[in-house]
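A short write-up of the structure that comes next.
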Amino acid sequence: MMLSTTGTVIVSVAMGYWIAVRCGMNVASGVFGNVPGGLVQMVSLSQEIQNVDVTAVTLMQTMRLLTIVFLAPFLAVHWIRHDTAVTDQTYSMISSALPTITHVALYLVIAILGAWAGRRIHLPSSHISGPLLATAIASIWLGGGAPHVPPALVNLSQLFIIMFVVSPILTTWFWRGPLALCLRRKRW
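Residue 56 in UniProt numbering sits at position 56 of the sequence shown; the count goes up by one each step and never skips.
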């Protein structure tokens, strides 16, 4: 697992560098746009680092995410064999994997402490990297995985991030575009 993760990061950084050189953009923007790590996290991290074009990172991460979302199901349907059966053992494995409220509360406390510690030691993007490191260490130390976030909360958080990233662009366009034309035409 460690080898595949390391290989993925190395290939992603190399591709980000290649894209940056070929497209004439900042190398940091190319790397942040191509490294796997989540659309929300990469956009948030790129806003805190100087000389990174947030728009390019957002566009590249969105294209990467959409490619994965559409390509993975296609490959699963057309290249994987269909002779596997779902049994009662599979259902029991799924139900045992659901997190309990104490499990969720434990990781919530760990994430809050990680955010606090990340700010204290001045991590970049401490509100993301602190909880990320704390939950990763806790997952390794406790021997289990962190509970999954419900899809509704993930969708809501992505909506808020998109609104945060797009709102300056839309307000600038609105004041320079249609509203400016209306104000120029009506001269009182």
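Glycine is no exception: its CB is placed at the ideal position from the N, C-alpha and C atoms.
- Pairwise C-beta distances place the stretch 46–53 out of contact with the stretch 62–74, as fewer than three of them are shorter than 8 angstroms.
- Contact annotation: the stretch 117–125 does not touch the stretch 136–146, with fewer than three C-beta pairs closer than 8 angstroms.
- If the five residues before and after LEU39 are omitted, its C-beta is found closer than 6 angstroms to the C-beta atoms of GLN61 and LEU65, all from its own chain and listed in chain order.
- For ALA134 and ASN155, the gap between their C-alpha atoms comes out near 23 angstroms.
- Three or more Cβ pairs closer than 8 angstroms define a contact, and the stretch 102–114 meets that threshold against the stretch 143–159.
- Taking a 10 Å sphere around the C-beta of PRO168, we find fewer than 16 other C-beta atoms and assign the residue as exposed.
- In the DSSP assignment, VAL11 falls within the unbroken alpha helix (DSSP H) covering 2–23.
- Out of ILE110, SER129 and LEU108, the CA that lies nearest to the CA of GLY118 is found in SER129.
- Here the alpha carbons of ILE112 and VAL21 stand approximately 39 angstroms from one another.
- Going by DSSP, SER125 is part of no alpha helix (DSSP H) at all; its letter is neither H nor E.
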